[in-house]
């Protein structure tokens, strides 16, 4: 990767990528000018993580063969992130294939919608985009309560910025998602908390950092504060870093857990985990696991005797161990 690699490590991502209070300006009915490029908005195809998945030969449901634990964790996390990316950016991508509902006199602002699936929906959904003087773009997915007016009642649920100089295939920016406000207006959302996302992609690959604050299901259960970052070449190899607070040993205090996963296009990979803090104090427990192209364990070791060591590190696609650090969850200016 070129642009992605240079942007991968520098500035810590705040919990909220930006305040969800963008101004929805008044507008009239005009055609979008040729200078207005809504195709620079982030797309699910660019931002999704394409972790290699098993095929029919990798595991027979009745065979008892188990996937490597850290492959399964990596897959579960990436699928969860992909689900949110698809829900949000898939909507943006579809809406921008349609003609805008209106733009302003200067032809630098446009709105699509608002739309609803049926009269039973408590809200309508719309997309607003503005091209700034420096040719960066500000955008928002908003909810509008049924019967409300866009100018006074629209509430941004996702708000983003696309950096100046971005193009369809070489772009960077950030966006924030306010699940708490969304579920308060539409219970079908089912999630609560906030996400902040910063990203950069080019022709070779994509890098992104996600910060989750008090994130979980609105109906109840555990809420998560976590940081997640990934870099992936579109050819298939990549890496993922994850950090979260949790009571790992179930003794009442939260430990800090971090995980770095790396994988190759053919599916081989490695996960390295460290746990510290909480009941562990300053002690650090380290765990490493490798898997082959069939996603089954080829190597395992830990520093606390949790499980017996297994296999040889020579069989790993990556050596030596690498652990997530504070710098893993940063992105360059």
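Numbering (my numbering), first residue to last: 1260 to 1592. Glycine residues also receive a C-beta, built at the ideal position from the N, C-alpha and C atoms. Bear in mind that the values here come from a model prediction, so they are computed numbers and not experimental data.
Practice problem: Let me know the secondary structure DSSP gives residue 1449 once reduced to three states. | Solution: Residue mapping note: residue 1449 aligns to position 190 of the chain shown, counting from 1. Here DSSP, grouped into helix, strand and coil, assigns residue 1449 to coil.
Quiz item: I think residue 1391 touches residue 1397, with their Cβ atoms under 8 Å apart; what is that distance to the nearest whole Å?
Solution: Indexing the chain shown from 1 puts residue 1391 at position 132. Indexing the chain shown from 1 puts residue 1397 at position 138. Contact holds; Cβ gap of about 6 Å.
Practice problem: Give the straight-line distance between the Cα atoms of residue 1578 and residue 1572, rounded to the nearest whole angstrom. | Solution: Looking up residue 1578 in the chain shown gives position 319. Looking up residue 1572 in the chain shown gives position 313. Looking at the two C-alpha atoms, the distance is approximately 7 Å.
Quiz item: Which of the three DSSP states, helix, strand or coil, is assigned to residue 1587?
Solution: Here residue 1587 is taken as the residue at index 328 of the chain shown, counted from 1. Of the three classes helix, strand and coil, the one that applies to residue 1587 here is helix, per DSSP.
Practice problem: For my contact list, residue 1516 and residue 1532 are in at a C-beta cut-off of 8 Å; report their separation, rounded to the angstrom. | Solution: Taking the chain shown and counting its residues from 1, the one referred to as residue 1516 is at position 257. Taking the chain shown and counting its residues from 1, the one referred to as residue 1532 is at position 273. Confirmed, about 7 Å.
Self-check item: Rounded Cβ spacing between residue 1394 and residue 1423 (contact assumed at less than 8 Å)
Solution: Residue mapping note: residue 1394 aligns to position 135 of the chain shown, counting from 1. Residue mapping note: residue 1423 aligns to position 164 of the chain shown, counting from 1. 5 Å between Cβ atoms; contact.
Practice problem: Alpha carbon to alpha carbon, how far is residue 1330 from residue 1300? Give it in angstroms, no decimals. | Solution: Numbered from 1 along the chain shown, position 41 holds the residue referred to as residue 1300. Numbered from 1 along the chain shown, position 71 holds the residue referred to as residue 1330. Rounded to whole angstroms, residue 1300 to residue 1330 spans 31 Å at the Cα level.
Exercise. Counting only the same chain and skipping the five closest in sequence on each side, list residues whose C-beta sits under 7 Å from that of residue 1412.
Key: One-based indexing of the chain shown puts residue 1412 at position 153. The answer, listed in chain order, is 1403 and 1404.
Practice problem: Tell me, please, which residues DSSP counts as bridged to residue 1549. | Solution: Here residue 1549 corresponds to residue number 290 of the chain shown, with the count starting at 1. Residue 1549 is bridged to 1529 and 1558.
Quiz prompt | Span of the beta strand (DSSP E) around residue 1466 | solution = Taking the first residue of the chain shown as position 1, residue 1466 is located at position 207. That run of the beta strand (DSSP E) goes 1464–1476.
Quiz prompt | Assigned exposure category for residue 1527 - 16 Cβ within 10 Å defines buried | solution = On the chain shown, residue 1527 is found 268 positions in, with the first residue counted as 1. Answer is buried; the Cβ neighbour count reaches 16.
Practice problem: Whole angstroms is fine: what's the gap from residue 1522's alpha carbon to residue 1461's? | Solution: The residue labelled residue 1522 in the question sits at position 263 within the chain shown. The residue labelled residue 1461 in the question sits at position 202 within the chain shown. Those two C-alpha atoms are separated by around 20 Å.
Quiz item: For the stretch 1497–1512 against the stretch 1330–1341, are there 3 or more C-beta pairs whose distance is under 8 Å?
Solution: yes
Quiz item: Can you tell me whether DSSP reads residue 1582 as helix, strand or coil?
Solution: Numbered from 1 along the chain shown, position 323 holds the residue referred to as residue 1582. Correct three-state label for residue 1582: coil.
Quiz item: For residue 1519, which beta-bridge partners are listed by DSSP?
Solution: Here residue 1519 corresponds to residue number 260 of the chain shown, with the count starting at 1. Residue 1519 pairs with 1500 and 1531.
Self-check item: Pair within 9 Å by beta-carbon distance, residue 1488 and residue 1465
Solution: Taking the first residue of the chain shown as 1, we reach residue 1488 at position 229. Taking the first residue of the chain shown as 1, we reach residue 1465 at position 206. The answer is no: Cβ separation not under 9 Å.
Self-check item: DSSP-derived helix/strand/coil call for residue 1335
Solution: Position 76 of the chain shown holds residue 1335. If DSSP states are grouped into helix, strand and coil, residue 1335 belongs with the helices.
Quiz item: Residues bridged to residue 1404 by DSSP?
Solution: Translated into positions along the chain shown, residue 1404 becomes position 145. Beta-bridge pairing links residue 1404 to 1382.
Practice problem: Starting from residue 1303, trace the alpha helix (DSSP H) both ways and give me its first and last residue. | Solution: Numbered from 1 along the chain shown, position 44 holds the residue referred to as residue 1303. Residues 1303–1306.
Exercise. May I have the straight-line CA-CA distance separating residue 1580 from residue 1491, to the nearest angstrom?
Key: To locate residue 1580, count along the chain shown from 1; it is residue 321. To locate residue 1491, count along the chain shown from 1; it is residue 232. Roughly 19 Å separates the two Cα atoms.
Practice problem: Within 10 angstroms of the Cβ of residue 1431, are there 16 or more other Cβ atoms? Answer buried if so, exposed if not. | Solution: Stepping through the chain shown from its first residue, residue 1431 is reached at position 172. So residue 1431 counts as buried.
Quiz item: Helix or strand or just coil, what does DSSP make of residue 1370?
Solution: As a first step, residue 1370 is located in the chain shown; it is residue number 111 there, counting from the start. Strand at residue 1370.
Practice problem: In the DSSP assignment, find the alpha helix (DSSP H) that holds residue 1438 and state where it starts and stops. | Solution: Sequence index remark: in the chain shown, residue 1438 carries index 179 (1-based). It spans 1438–1444 - the alpha helix (DSSP H) in which residue 1438 sits, taken as one unbroken run.
Quiz item: Is it buried or exposed for residue 1370, if we count other Cβ within 10 angstroms and need 16 for buried?
Solution: Counting from one through the chain shown, the residue named residue 1370 turns up at place 111. Flag for residue 1370 reads buried.
Quiz item: Assuming residue 1549 and residue 1529 make a contact with CB atoms under 8 Å, what is their CB distance in whole Å?
Solution: As a first step, residue 1549 must be located in the chain shown, where it is residue number 290. As a first step, residue 1529 must be located in the chain shown, where it is residue number 270. That belief holds up - the Cβ atoms of residue 1549 and residue 1529 are roughly 5 Å apart, short of 8 Å.
Self-check item: Unbroken beta strand (DSSP E) run spanning residue 1492, endpoints
Solution: For this step, residue 1492 is matched to residue 233 along the chain shown. Here the beta strand (DSSP E) through residue 1492 covers 1483–1492.
Practice problem: Under 8 Å by Cβ, that's how I've got residue 1547 and residue 1560 pegged, so tell me the actual separation to the nearest angstrom. | Solution: As a working note, residue 1547 is residue 288 in the chain shown. As a working note, residue 1560 is residue 301 in the chain shown. Contact flag correct, Cβ pair sits at about 5 Å.
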